[in-house]
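Chains as they are written, first to last, in the numbering used here: chain A, 740 to 1267; chain B, 91 to 554.
In this text, a Cβ means the ideal position worked out from N, Cα and C, and glycines have one as well.
As C-alpha cells, the structure follows; a few thoughts come after it.
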C-alpha cells in the first residue's frame, strides 16, 4: 500500500524496462487527471467497490512515489557559462586573516563603519593575509561600489588568489581579476574604445615598452580623439624611451593630441623638449642689485610672441580673457621649465625668488607658472615656498594648480607640517577645511593633536568642526580615542552653548570616538 | 556562546537586521543599562521612534531575548544592539537588581523550564502524583476520542474533495482563487488534521510552479490520497508506518519510546522557515561515530523566541538523541544532561577543530538515500545530503553541483548564497551539506579544500 520499492535505480535491463513502463504509466495518469475521469475513459482497472476517481488517485499515489524515488541526477551540461573561467582557483599562497579580523570585516560588510573598509584592506596587505573565501563576494561588491578604494594595490592584494579567481567569474567584478596579458591583447585588438583604453592601461602597467610599441604600431589607424586618449595612457610609467613617440605626436594634426604630448614631455626632465624650454626661457629672469640701497631685484624680460618652434611645443599666442598677452606668454614659457633650473641659474633659494617676484608687476603669472612647473616635477622645496608665500589663490586659472593639488604632491611629513602651521595661524590660509580635506591619512600623532586642538577651539555645534572631526576619526592614530572623548568645552566666551547644541556635539563626539575605537580594535587584531 | 561581535551578528535573522543591530550598538541610544552580577542576564532601554523607549532584555545562558518593540524578527535589532554593546563595552552595564519587567520575564522562563523538567521526571514520582496523573490520562483519552471523531469526518470530506477534483479534471486548477484551497485547509485544521491542511496548501501552491505544474499537482494529489487511505485503516498499517501516518497528519508524536543514540553530533546546517506566523527551525546533525543523520525541529509562534538553543554550524552537540518512531528515523530531540542543564555545544570548539562528516562523492549514491526514504515513508519532505567532491557551477541563471561522474543536482531557486558557495569551493571539488527535496538542493554549509567549514545561513534570508 505504501509504494513499491524503488528499484528503478538498478541498472539491469529488465528493471530498466520496468522503469520505462512506470514513467509511461505516470504520464498517462497525469493526462487523465488533466482531462478528468468524467470526460475520458479511464485506462485503469477499477477495483471492486471503487470508483474511477479512486482508481486514478490510487495509481497517482503509487506512481508518484515510484517516479519520484527513481529519478536519477541528470547529466550536467558542458561546463563554462558565459565569460566564466573554467579553470579552478590555484592554491592560495596567502593565509586567511585572523578570525577576529574576519569578524570585524563582517561587521563592516553588514553596514557599520563602512568608511574603515579601505583601512581593513591596508592592514591585511601589510600583514600578508587575505579575506576569507566566503566573504569575497560581499567584498568585491563593496569594492565596486567605492571607487576610491578600487584598483589601488592594497585592495587587490588582500583578495588573494581566490579573490582574483572569483573576480574573473562575473563581468561586474572583472576590475579585480588578475591581469591577463593575452585577454588584454585580445581586447586591445578588437574591443570597444573604452575597453581598449582600459586594456592598454593594464598592458602599460605590466610592460611599459611593449604597450608603447603596440600604440605606435596602431597609431596611424586611430582617429584623433582616440589618439589623444590613448596617448594619455603613457602617463603611467612615463620614461625617456617614450620620448620619440611623443615628439612625433607634437606634430600631430589634432590640437588635442599635441596638448597631451606637450603635457607629458614637460614632465620628462632629460628630454629635448625640456631642453628647448630651458633655452627658450634663457634671459627671461635675472637677479640684480639695483636702486640706491642696492636691494636685490628680479628683472623680468617677458618673451616675445611664440615662434614656430615654441608653438610646436604648445605655447599659444592668443591669450585667454582676463590676462594680457605678454603675461600669458611669460607664464607659459616659465611653466615649462623645471623650477630647480631657476634655483641654480639665479643662485637664490625658492623662497627668496618668490619674495622677489612679489615685489614686481609680474607676480601673478610668475607664481602661477612656477606652481605649475613645481607640480609637474614634484619639487618639494618650491611647492613649500609657493604655498607659504600666500600669493597663490584658489581661483581656477588656466595654468595654476589648486593649493590642494600642490599639497598632494608633497611628502606626507612636509604636508602635515604646512597644514599644522596653517591651523596654528602661522601661515595665512582662507580655507583650512579645504586643506585638511587634501591631507589624506594616516596622520602622525602630533599633527592629529594639532587638528584636534583646532576643532576644539571651533566647538559648539555650529557644524564647522563636524566635517573635520569625521575625517579625523578615519585618519588619526586610534590611540587618541580616549583623548578625543573628553575635554570638550562647555562654553567658549562670549557664547554659551544651548543644551541642544551641546547634546548634538556630544552625539557627534561619541560617534567619532566609536570609529576610533573600532580602528584601534582593527589594528590590534592584525598585530602579530 | 558569545565571544565576539561576529557571534552576535550570526544570530541575526537576516542581513538587514544585522545592519540595524550594528547601528544600535552605540551607548547613546541606550539608557538604564544593567546586568546581574553573575552574567546571567542583561537589560536596557532603547529610544526608538515611538514615545516610550523599548525595553530589551537578554538571558545569556541560552541567548533568549525579550523586547517590547513590535518587530516580528527574532532576535530584533534592539536585542542585537544590546548584545553587541555588551560584547564591546561590558563595563557600561552596572550591576544592579533587575527592574520589575526583567524579573518578571526571567521568573516566567524559569517557571516554564521547571514545569518541563517536572513533566519529564513525572514517571519517577510516586504517591499523590498518581491521582493527578490518572486524571490527566483520562482527560487525554477523552481528547483523543473527540479528535478521532472529528478526524474521521474530516478525512471522509477530504476524500470526497479529492475525488471531485479528478472527476472534473485538474486543468482548471490554476484558475482557482487562493480561497479555494484555503477553505479546505481551514476545515482540515478544524478537524484536527493540521498536516493534511499543510499538504492541501502545498497542493494549491504547485499550480504556480511553471510549465511542469501538472506533474507536481498530481504527485501532491497522490500523497494526499495515500494519506487519506492510510488514515482510514490505521490499525491495519504496520506499526512503524503508523507513526509516519500520524506525523503526516500533523498529530503529536509518541515520545519516550524511541531509539536513543548517544554520540558527538556535528551540526552541519540550519534552516528557519516561516509559515503562517509559525516559525520552524530545522537543525541537521551527523553523528561523529555512528554517521547517522538527525533532525532537530523547533517551533516558535509569532515573535516568541525558540525555547531551545542549539550550537552553531560546525560545532558539536555531545548528547543523547531520542529518535521519533517511524520507518525513516530522522527527527529527534536532545535528552537533557544528567545535571539537568540543557545540552549545548562546547563553547570553545572552533569549527576547524571538528572533523567534517564524510560525504558522498557520487550524486547518484547520495540521492539513493532519498529514494530509500521515500520508498519507506512516501510523505518524506526532505532529507539531508552530505556531499563531497562536488563543484558548484553556474549555467545561465541556474546553479548546480556537479560530481566527478558528470551528474548534476540543481540548487533550489530560493538559495541566495550562490557566490559565497562558489568562493568557498574555488572551482574545486568541495564538501557541501544541504537539504534535498527530490527536485533541488538547498545548501546549508560548505567547506573548500583549505578546510574552513562555513555556514551559508548568514548570507540568505529565511524563506517565507
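For residue i and residue j, I'd like the C-alpha separation in whole angstroms.
i, j, result
"residue 135 of chain B", "residue 1207 of chain A", "32 angstroms"
"residue 539 of chain B", "residue 910 of chain A", "26 angstroms"
"residue 321 of chain B", "residue 335 of chain B", "7 angstroms"
"residue 817 of chain A", "residue 800 of chain A", "36 angstroms"
"residue 422 of chain B", "residue 376 of chain B", "12 angstroms"
"residue 1064 of chain A", "residue 998 of chain A", "20 angstroms"
"residue 140 of chain B", "residue 303 of chain B", "47 angstroms"
"residue 403 of chain B", "residue 514 of chain B", "16 angstroms"
"residue 759 of chain A", "residue 809 of chain A", "11 angstroms"
"residue 1186 of chain A", "residue 1009 of chain A", "37 angstroms"
"residue 1218 of chain A", "residue 1255 of chain A", "8 angstroms"
"residue 350 of chain B", "residue 388 of chain B", "19 angstroms"
"residue 354 of chain B", "residue 382 of chain B", "11 angstroms"
"residue 1118 of chain A", "residue 1078 of chain A", "8 angstroms"
Locate the alpha helix (DSSP H) running through residue i, then write down its first and last residues.
i, result
"residue 793 of chain A", "791-809"
"residue 1158 of chain A", "1151-1163"
"residue 920 of chain A", "920-929"
"residue 939 of chain A", "932-945"
May I ask which residues mark the beginning and end of the beta strand (DSSP E) holding residue i?
i, result
"residue 362 of chain B", "350-365"
"residue 975 of chain A", "Careful: residue 975 of chain A lies outside any beta strand (DSSP E) and carries neither H nor E."
"residue 292 of chain B", "Where residue 292 of chain B is concerned, there is no enclosing beta strand (DSSP E), although the alpha helix (DSSP H) it sits in stretches over 284-296."
"residue 162 of chain B", "Unbroken run through residue 162 of chain B: none, as it is neither H nor E."
"residue 536 of chain B", "531-537"
"residue 383 of chain B", "383-391"
"residue 133 of chain B", "131-136"
"residue 121 of chain B", "120-125"
"residue 375 of chain B", "368-377"
"residue 499 of chain B", "498-500"
"residue 1275 of chain A", "Within the shown structure, residues of chain A are numbered from 740 to 1267, placing residue 1275 of chain A beyond reach of any answer."
"residue 524 of chain B", "520-526"
Which chain B residues sit within Cβ distance under 7 angstroms of residue i?
i, result
"residue 876 of chain A", "509, 510, 513"
"residue 904 of chain A", "516, 517"
"residue 792 of chain A", "253, 256, 257"
"residue 842 of chain A", "94, 95, 96"
At a CB-CB cut-off below 9 angstroms, which residues of chain B make contact with residue i?
i, result
"residue 1221 of chain A", "Those within 9 angstroms of residue 1221 of chain A in chain B number zero; the least Cβ separation is about 13 angstroms."
"residue 804 of chain A", "309, 312, 313, 316, 464, 465, 468"
"residue 849 of chain A", "99, 102, 105, 108, 109, 111, 112"
"residue 809 of chain A", "461"
"residue 872 of chain A", "510, 513, 514, 515, 516, 538, 540, 542, 544"
Identify whether residue i lies in helix, strand or coil by the three-state DSSP scheme.
i, result
"residue 544 of chain B", "strand"
"residue 1034 of chain A", "strand"
"residue 507 of chain B", "coil"
"residue 412 of chain B", "strand"
"residue 1100 of chain A", "coil"
"residue 480 of chain B", "strand"
"residue 1010 of chain A", "coil"
"residue 446 of chain B", "coil"
"residue 1114 of chain A", "helix"
"residue 149 of chain B", "strand"
"residue 304 of chain B", "helix"
"residue 94 of chain B", "coil"
"residue 423 of chain B", "strand"
"residue 835 of chain A", "strand"
"residue 462 of chain B", "helix"
Kindly list, in the order they appear in chain D, the residues whose Cβ is closer than 7 angstroms to that of residue i.
i, result
"residue 478 of chain B", "In the structure shown, chain D cannot be found, because the protein chains are A and B."
CB residue i to CB residue j, shorter than 8 angstroms?
i, j, result
"residue 130 of chain B", "residue 149 of chain B", "yes"
"residue 271 of chain B", "residue 293 of chain B", "yes"
"residue 276 of chain B", "residue 240 of chain B", "no"
For residue i, return the contacting residues in chain A, with the cut-off set at a CB-CB distance below 7 angstroms.
i, result
"residue 305 of chain B", "769"
"residue 260 of chain B", "772, 773"
Can you name the residues of chain B whose CB is closer than 8 angstroms to the CB of residue i?
i, result
"residue 1249 of chain A", "116, 117, 118"
What does residue i touch in chain A if you count any residue whose Cβ is under 8 angstroms from its own?
i, result
"residue 457 of chain B", "810, 811, 812"
Note down, in chain order, every chain A residue with its Cβ under 9 angstroms from the Cβ of residue i.
i, result
"residue 528 of chain B", "807, 808, 810"
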